[in-house]
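The sequence shown begins at 7 in this note's numbering and counts up one residue at a time.
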Amino acid sequence: MSSVTNTPPKVLPAAGDGCWCGSGRKYKRCHKPVDGRVLPGVVSPMRSVPAHIVRPPYAETGKVKRAPESAVKSPDVIERMRVTGAMAAEVLRMAGEFVKPGITTDEIDAYVHQLCIERDAYPSPLNYSGYPKSVCTSVNEVICHGIPDSRVLEDGDIINLDVTCYFKGVHGDTNATFAVGEIDEESRHLIDVTEECMWRGIEAVVPGRPLSDIGKAIEVRAKQDKLGVVRAFIGHGIGEQFHTDIQVLHYYDPRNNMIMRPGMTFTIEPMITLGTWQHRMWDDEWTAVTADGKRTAQFEHTVLVTDSGYEVLTGGPGAASPAAPWNRNK
Ligand code: MF3
Ligand code: CO
Ligand code: CO
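So, in structure tokens, the structure goes:
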């Protein structure tokens, strides 16, 4: 079984002819591959999860039904989220170490899938709203939700791995962008500033303050370097469900005015671009790419609002902000 839809014919149209997909647009304005852009590959069959692993409700049907869930978590839920968050952090770290030129994103998926199930965790993306894989792999101009497939990683690519584990009845969601082999200076800078943007957002988590402080901090930092902030995808409440009602914008909007209260848990996951912040969707209806094809990076943590500030639930070794370069002279 292949999940690739709209497979191109063996004989392709001329650039100025109508596209094979029936869109009515010229081939060159539609499905003609553009040099240097990421192309969709072949998606392998869905992987199975051993029967003894406890699944989230959507695992069997692919349908996500939001249940009421308190924004402020009980001490018991928080304790479980610490455990699952630490696990997701470990899986992400190991998946990042696995990245190298020559492997396919499907091989990364197989590895993340195995890392989750050997920890008795369910890989949250699998069948979430029908998503076919256990991790999101977003290469170069792919903003988020890239589906692992047969594409081979090339030296000089950048790749975001977005790992979410479901364990002890709660989710832990974290992602990071990694270099494949040797990358150019501009890509390195994009990755570094994006990580810094995430930490600026996290440091704006203060009880009694509105969520909009987070987006403000991120946007200010991105603008310093004339980088774009993606608006279509946002941070979210998380806990017993993968996505709950809380919305965390990564740019400033005064309407994002919910007050942060101790016990709230949500993600902060800015997507920062070298060019436009606007996006396009692939035909798979998951893969979001920058409209101009320029590169984009993302980092994500799940955080808890505490009495005095924040606790990073998906932290692990290397996830500390105070030691970060932009804090050293404070
Ligand atoms: N982990 C993503 C997030 O940060 C969500 C992925 S949904 C999936 O919210 F279905 F694509 F897995
Ligand atoms: Co998330
Ligand atoms: Co995520």
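Virtual Cβ for every residue (Gly too), placed ideally from N, Cα, C. Everything numeric in this text was worked out from a predicted model, so none of it was measured.
Out of Ile-265, Phe-248, Lys-222, Thr-271, which has the shortest C-alpha to C-alpha gap to Tyr-348? Residue coverage of the chain in this structure runs from 7 to 336, which leaves residue 348 outside it and unanswerable.
Can you tell me where the beta strand (DSSP E) holding Leu-167 begins and where it ends? The residue given as residue 167 occupies position 161 in the sequence shown. Note, Leu-167: beta strand (DSSP E), 164 to 173.
Of the choices Gln-284, Lys-300, Thr-320, Arg-267, whose alpha-carbon is the least far from that of Ser-76? Along the sequence shown, one-based indexing puts residue 76 at 70. Ranking the options by Cα distance to Ser-76, first place goes to Arg-267.
In chain order, what residues of the same chain lie with their CB nearer than 6 Å to the CB of Glu-201, ignoring the 5 residues before and after it? Along the sequence shown, one-based indexing puts residue 201 at 195. Around Glu-201: Phe-305.
For Gln-284, is the classification buried or exposed, using 16 other Cβ atoms within 10 angstroms of its Cβ as the cut-off for buried? The sequence position of residue 284 within the sequence shown is 278, counting from 1. Exposed, by the Cβ-count rule.
Could you tell me the boundaries of the beta strand (DSSP E) in which Gln-284 lies? Here residue 284 is taken as the residue at index 278 of the sequence shown, counted from 1. It is not in any beta strand (DSSP E) - Gln-284 carries neither H nor E in the DSSP assignment.
Own chain residues within Cβ distance below 7 Å of Tyr-117, not counting five before or after: To locate residue 117, count along the sequence shown from 1; it is residue 111. Correct list, in chain order: Ala-101, Phe-104.
Can you round the beta-carbon distance between Pro-62 and Tyr-128 to whole angstroms, since I take them to be within the 8 Å contact cut? As a working mapping, residue 62 is identified with position 56 in the sequence shown. As a working mapping, residue 128 is identified with position 122 in the sequence shown. The Cβ separation is near 6 Å, so the contact holds.
Would you identify the three-state DSSP class for Thr-90, choosing helix, strand or coil? Against the sequence shown, residue 90 aligns to sequence position 84. It is helical.
Alpha carbons only, please: which of Met-264, Gly-321, Leu-280 is nearest the one belonging to Val-78? The residue given as residue 78 occupies position 72 in the sequence shown. Ranking the options by Cα distance to Val-78, first place goes to Met-264.
Buried or exposed by the 16-neighbour rule on C-beta atoms within 10 Å, applied to Ala-397: Residue 397 is absent from the model: the chain starts at 7 and stops at 336.
Apart from the five residues just before and just after Asp-313, which ones in its own chain have a Cβ nearer than 7 Å to its Cβ? By 1-based counting over the sequence shown, the position of residue 313 is 307. The answer, listed in chain order, is Pro-213, Pro-268.
Spatial neighbours of Ile-153 within its chain, please: CB distance less than 7 Å, with the 5 preceding and 5 following residues excluded, ordered by chain position. Within the sequence shown, the letter at position 147 stands for residue 153. Closer than 7 Å at the Cβ level, and outside the excluded window around Ile-153, lie Val-49, Pro-138, Lys-139, Asp-290, Trp-292, Thr-293.
Identify whether Ser-193 lies in helix, strand or coil by the three-state DSSP scheme. Your numbering for residue 193 matches position 187 in the sequence shown. In the structure shown, Ser-193 sits in a helix (DSSP, three-state: H, G or I).
With a threshold of 16 other CB atoms inside 10 Å of the CB of Met-287, please say whether the residue is buried or exposed. In the sequence shown, the residue the question calls residue 287 occupies position 281. Exposed: under 16 other Cβ atoms inside 10 Å.
With respect to 8 Å, is the separation between the Cβ of Pro-131 and the closest non-hydrogen atom of ligand 1 below this value? As a position in the sequence shown, residue 131 is number 125, starting the count at 1. Pro-131: yes, Cβ under 8 Å from ligand 1.
Report yes or no: do three or more beta-carbon pairs, one from the segment 159 to 167 and one from the segment 66 to 73, lie closer than 8 Å? no
How many Å lie between Gly-108 and Asn-181 at the Cα? Stepping through the sequence shown from its first residue, residue 108 is reached at position 102. Stepping through the sequence shown from its first residue, residue 181 is reached at position 175. Using only the alpha carbons, I get a separation of about 22 Å.
Coil, strand or helix - Tyr-33 by DSSP: Translated into positions along the sequence shown, residue 33 becomes position 27. Of the three classes helix, strand and coil, the one that applies to Tyr-33 here is helix, per DSSP.
Measure the alpha-carbon distance for Pro-328 versus Lys-38 and round it to whole angstroms. On the sequence shown, position 322 is the one that residue 328 refers to. On the sequence shown, position 32 is the one that residue 38 refers to. Unreliable positioning characterises Pro-328 in this predicted model, as indicated by a pLDDT of 48, which lies under 50. A coordinate reading is not provided.
Alpha carbon to alpha carbon, what distance is there between Ser-144 and Leu-167? Sequence index remark: in the sequence shown, residue 167 carries index 161 (1-based). Sequence index remark: in the sequence shown, residue 144 carries index 138 (1-based). Rounded to the nearest angstrom, the two C-alpha atoms are 7 Å apart.
Residues in its own chain within less than 7 Å of Cys-203 by CB, not counting five upstream and five downstream? Mapped onto the sequence shown, residue 203 falls at position 197. The residues are Ile-224, Arg-227, Ala-228, Pro-276, Ile-278.
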